[in-house]
Amino acid sequence: MTSNVFEYAPAPESRSVVDIRSSYGLFVDGEFVEGHGRSFKTVNPATEEVLADVAEADESDVDAAVRAARRAHSRVWSRMSGAERGKYLFRIARIIQERARELAVLESIDNGKPIRESRDVDVPTAAAHFFYYAGWADKLEYAGFGADPQPLGVAGQVIPWNFPLLMLAWKIAPALACGNTVVLKPAETTPLTALLFAEICQQADLPPGVVNILTGAGETGRAVVAHPGVDKVAFTGSTEVGRAIARAVAGTDKKVTLELGGKAANIVFDDAPVDQAVEGIVNGIFFNQGHVCCAGSRLLVQESVAEEVVERLKRRMGTLRVGDPLDKNTDVGAINSAEQLARIRQLSEIGEAEGAGRWSPPCELPEHGYWFPPTVFTGVSQAHRIAREEIFGPVLSVLTFRTPAEAVEKANNTPYGLSAGIWTDKGSRILWMASRLRAGVVWSNTFNRFDPASPFGGYKESGYGREGGRHGLEGYLK
Amino acid sequence: MTRRTTRPSTRPSTRPDARIDVRIDVRKTYKLYIGGAFPRSESGRSYVVDDARGRFLANASQASRKDARDAVVAARKAFGGWAGRTAYNRGQVVYRIAEVLESRRAQLEAEVRDATGATPAQARANVEAAVDRLVWYAGWADKIAQVTGGANPVAGPYFNHSAPEPTGVVAVVAPDDPLLGLVSVLAPVIACGNTAVVLASEPHPLPAVTLAEVMATADVPGGVVNVLTGFRAEVAPWLAAHMDVNALDLTGIDDPGLARTLEEAAAENLKRVRRPGPEDLTAAPALDRMTTFLETKTVWHPMGV
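Chains as they are written, first to last, in our numbering: chain A, 2 to 479; chain B, 515 to 819.
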C-alpha cells in the first residue's frame with residue numbers, strides 16, 4: 002500500500018526540444034506585437050520557476066485584434082472556398098503532429114500535467130480535432146443546419162488552463178472550418194502552447210488576422226467578450242464566469258456556447274468488474290490532477306461492495322506516482338497554480354471539518370512547486386460541500402447507494418450536468434441509467450474518453466452548446 | 515362566446531303582460547391552466563380584455579408571481595413522465611391536440627376575429643395553419659432524434675452515440691398572434707418532451723385559454739402545458755429568474771430593454787434563451803424551435819468480447 006511497491010528509475014523527457022523565450026508579445030494580424038498593457042509572468046507549477054514574461058492585452062489590443070479578425074473575415078476567409086479553408090486546417094493538423102514532442106513538453110512545463118498525458122492525449126487529440134474539422138469545411142451544407150449555412154463572423158474565445166492546447170483546438174478548429182475568424186485568449190497561467198500555436202499558424206501561411214491570440218487575465222477576457230465587433234462568444238471555464246458572460250451578452254446578437262463546471266457521479270454497481278471499475282475511478286478523478294470539468298469527482302458505489310471497492314481503490318492510489326511532470330513514469334503532476342492549490346486545500350479542510358473521512362496514500366511531494374496528494378473522502382453525504390462544489394483537484398468523494406433509482410437521484414442531485422459514469426455488467430441497466438442521468442456525456446464501463454467526432458458539453462449549469470462532432474459546427478454557423 | 519353579433523335584444527316588449535322571450539348567454543370565465551386544472555389567479559385579480567375595436571370581451575385572470583411558481587412546480591412534476599413517454603406516444607398526443615382543435619375551429623375562428631379584427635377568411639387561415647402546424651410537429655416527435663443524433667465514429671474500440679433529450683421546463687412568452695403564434699411556439703417545445711409554462715399574449719389571451727381546454731381534452735397530461743394570462747412585465751421576470759426553469763423563449767417580448775433584463779436574469783442558472791426576433795409565423799418552420807430546447811447526450815461504451 003505504499004508507493005515503493007514498484008521502484009522506478011526517473012525517466013525524464015528532455016527539455017531541450019523547447020525553446021522558451023524570455024518574453025512574449027501578442028499575436029495580432031499574423032504578427033507578434035508588443036501589447037499596450039502590462040505584462041505578467043508564467044511559471045512552471047512543478048518548480049515555481051519563472052518561464053517567461055507575457056504581454057497582458059488591454060482594451061486597445063483587443064480592439065486591434067477584433068479589427069484584424071474582421072478584416073480577415075470579410076476580405077479573405079469568408080470568401081475562400083470551404084475546400085481551401087480546409088487545406089489550411091489540414092496543414093495545421095500536420096504541423097501539430099510534426100511538432101508534437103515540442104508541444105507536449107512545453108505543455109507539461111507550463112501546465113504541470115504529466116508528459117504521458119500531454120504526449121498521449123492532449124497533443125494528438127488537438128491534431129485530430131483540426132484534422133476532423135478540416136474535412137467539414139467543404140461539406141457544411143450536409144451538416145443539417147440549412148442548405149446554405151453561413152459563418153457568424155468574428156469569434157471571441159476564452160479558454161481554460163487545464164488542457165491549454167486541446168481547448169484551443171476545440172475552439173479554433175470548428176470556428177475556422179465554418180468560415181469564422183477568431184480572437185482567442187488562453188488562460189493566464191498557461192499561455193505558452195497557444196503562442197507556439199501562433200507560430201504554427203505562421204508556418205502554415207494562414208492568412209493574417211484569421212487567428213489572433215491575446216494573452217491576459219480576466220480583464221482581457223471580459224474585453225474580448227464585451228467587444229461589439231465580436232459575433233460569437235465561446236467560453237470554457239467556471240460556471241461563475243459563464244454566468245457573468247451570459248449576463249454580459251444579454252440583449253446582444255452574439256451567439257454563445259459555454260462549457261462550464263461539473264460534479265460528475267461515477268456510479269459503480271455490485272456486478273461491475275472491480276479491477277476495471279477501480280481503474281476507471283482512478284482515471285476519472287486523478288487524470289490531469291483532477292483538473293477536469295468532467296472529472297468523476299463523486300464516486301457512487303453500491304453499498305454491498307463499497308468496502309471492497311474503497312479498499313482496492315486505496316491500494317491502487319498507493320501505486321500512483323506523484324511528481325515531476327516531465328518524468329515519463331509520473332501519473333499525477335503538479336497543481337496548476339498556487340491559487341488553485343489553495344482552493345483544493347480549503348475545500349479538503351472543509352470536508353474534514355464537516356465530518357468526512359480523509360485519506361491519502363503516503364507519498365513524498367517535491368519541496369518546490371504546487372502539489373496535492375491523491376485524496377479520497379469516505380462517509381460523504383450529499384449535503385457536504387465536497388459533494389456539491391467543484392474542487393477541480395485530485396480529490397474524490399465517496400457516497401453509497403442501494404438501488405439504481407437511488408443512484409439516479411443522487412447523481413442528478415446537482416446543478417451541474419456535464420458527465421457521468423456507469424460501471425455494471427448488465428447492458429439493460431446501462432441503457433436505463435444512461436437515459437435517466439441528466440448529463441451531456443455518459444461513459445459506461447469507461448471514463449474520460451474524448452474524440453473529435455464525439456459531441457461534448459453539458460446540461461443545466463454546466464453550460465450550453467456542444468463541441469466536437471457534427472454538433473460542434475452549430476455554434477459557429479447561422 | 516362573447517361575440518356581440520350573438521347578443522340578443524333585451525329590449526322590453528311594448529305589451530305590459532308579455533313574457534320576455536330571450537335566452538341570456540352563459541358566458542365563460544377565462545381562467546388559468548395549471549397542472550391540468552383551471553384555477554383563477556390565486557391573487558384574485560383579473561384584467562379587462564377588449565376586442566379589436568376596444569369593446570369589452572371578458573375579464574381574464576391576471577396571473578401573479580405565485581401562479582407562475584405553481585405553474586413551474588406543475589411543469590416540473592410532469593416532466594419526468596412526459597419526457598419518459600415514447601416519442602411515438604408524444605407524437606400521438608400532439609396530433610390529438612390538432613384533432614380536437616380542428617373540431618373547435620368555429621369557436622377559435624370567432625375568438626381570433628374578436629381578438630385581432632381579422633376577416634373571416636384571415637381567421638380561418640390562422641386557425642387552419644395552427645392545426646396544420648400541430649400536425650407537422652406531431653410528426654417530428656419520433657423523427658427529430660434520427661435527424662439530430664447518430665453514431666459517432668470515434669478513433670477507438672468504442673460504441674459512441676449521440677441523441678437529443680428534452681431540456682426540461684421551458685418558460686415561453688407567446689407572441690401576440692393569438693392562436694397560430696401560440697401554437698408555433700408551444701408545439702415544438704412539448705413535441706420534443708419538454709414541459710411548458712406559457713405566458714399567453716397579453717392583449718389577446720382568450721384563444722390561449724380555449725387552447726388549454728382543447729389540450730385538457732386531448733390526453734395532454736396535466737402539467738405538461740400550463741397557461742398563464744396576465745402582464746408580461748409582471749410575470750415574465752419571475753419565470754426568467756426561476757431556478758427550476760431550464761429554458762426561456764422570449765418570442766413575445768417586444769421591448770428590447772425587457773428582453774435584455776429577462777436574459778440577464780436567466781443567466782443565473784444558465785437557462786437556454788431564445789431571443790426575440792423578426793419571424794414570419796406563416797412560413798414553414800425550421801428545426802431551430804425544437805433544437806433550442808434539446809440537449810445532446812453522448813453515450814460511450816467499450817467494444818470487446
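Where is the CB? At the ideal position from N, CA and C, for every residue including glycine. What you are looking at is a predicted structure, and each value in this text was computed from that prediction instead of being measured.
Would you verify that the beta carbon of Arg803/B is, or is not, closer than 8 angstroms to some beta carbon of chain A?
-> no
Name the two residues that bound the continuous beta strand (DSSP E) containing Thr401/A.
-> Val396 to Phe402
Anyone know if the C-beta pair for Trp78/A and Val293/A falls short of 8 angstroms?
-> no
Cα-Cα separation between Lys114/A and Gln290/A, rounded to whole angstroms = 7 angstroms
Just the chain B side, please: which residues come within less than 7 angstroms of Tyr465/A by C-beta, in chain order?
-> Leu784 and Arg786
How many angstroms separate the CA atom of Gly550/B from the CA atom of Lys591/B?
-> 12 angstroms
Does DSSP put Tyr460/A in a helix, a strand or coil?
-> coil
Check whether Asp656/B and Ala601/B have beta carbons under 8 angstroms apart | yes
Residue range of the unbroken alpha helix (DSSP H) whose run includes Asp763/B | Not the alpha helix (DSSP H): Asp763/B falls in the beta strand (DSSP E), residues Ala761 to Asp763.
Paired residues, beta bridge with Ala53/A - DSSP = Thr43/A
Return no unless some Cβ of chain B is closer than 8 angstroms to the Cβ of His37/A.
-> no
Beta-carbon contacts of Gly476/A that lie in its chain and below 6 angstroms, excluding the five residues immediately before and after | Thr258 and Gly466
Is there a Cβ from chain A that is less than 8 angstroms from the Cβ of Tyr651/B?
-> no
CA-CA distance, Leu696/B and Ala105/A?
-> 55 angstroms
Say whether chain B places a C-beta atom closer than 8 angstroms to the C-beta of Lys427/A.
-> no
For Thr3/A, name the three-state secondary structure that DSSP assigns.
-> Only weak support exists for where Thr3/A lies, its pLDDT of 46 falling under 50; the coordinates are left without a value.
State the Cα-Cα distance for the pair Gln347/A and Leu167/A, rounded to the nearest angstrom.
-> 29 angstroms
Tell me where the alpha helix (DSSP H) around Trp171/A begins and ends.
-> Pro165 to Ala178
If you pair each beta-carbon of the stretch 51–64 of chain A with each one of the stretch 217–236 of chain A, do three or more pairs fall below 8 angstroms?
-> yes
Beta carbon proximity, Thr765/B to chain A, threshold 8 angstroms | no
Neighbour list for Ser455/A in chain B, Cβ cutoff strictly below 7 angstroms | Asn666, Val668, Asn674 and Thr812
What are the start and end residues of each continuous beta strand (DSSP E) run of 3 or more residues lying completely inside the stretch 715–766 of chain B, in chain order?
-> 739–742 and 761–763
So what does DSSP say about Lys785/B, is it helix, strand or coil?
-> coil
Could you check what DSSP says for Lys233/A in three-state terms: helix, strand or coil?
-> strand
Would a C-beta distance cut-off of 8 angstroms place Gly157/A and Val231/A closer than the cut-off?
-> yes
Are the Cβ atoms of Ser463/A and Leu301/A separated by less than 8 angstroms?
-> no
Within chain B, partners of Tyr477/A - CB distance below 9 angstroms = In chain order: nothing, as chain B lies at least about 15 angstroms away.
Looking at Ala572/B and Tyr544/B, is the spacing between their C-beta atoms short of 8 angstroms?
-> yes
Sufficient close CB pairs (3 or more, under 8 angstroms) joining the stretch 387–401 of chain A to the stretch 304–324 of chain A | yes
State the start and end residues of the unbroken alpha helix (DSSP H) segment that holds Asn267/A.
-> Segment Ala266 to Val269 is the beta strand (DSSP E) holding Asn267/A; no alpha helix (DSSP H) there.
Can you tell me the Cβ-Cβ gap for Phe593/B and Gly736/B, rounded? I've got them flagged as a contact below 8 angstroms.
-> Wrong, their Cβ atoms sit about 12 angstroms apart, outside the cutoff.
Thinking just about the alpha-carbon of each residue, which of Asp691/B, Val739/B and Leu762/B is nearest to the one in Ala750/B?
-> Leu762/B
Give me the Cβ distance between Asn267/A and Gly297/A, rounded to the nearest whole Å; I'm assuming they're in contact under 8 angstroms.
-> 3 angstroms
Establish whether the CB of Ser445/A and some CB of chain B are separated by less than 8 angstroms.
-> yes
Given that a residue counts as buried once 16 or more other Cβ atoms are within 10 Å of its Cβ, and exposed if not, what is Ala669/B?
-> exposed
At a Cβ cut of 9 angstroms, what residues of the stretch 396–420 of chain A count as close to chain B, listed as they run along the chain?
-> Pro416 and Gly418
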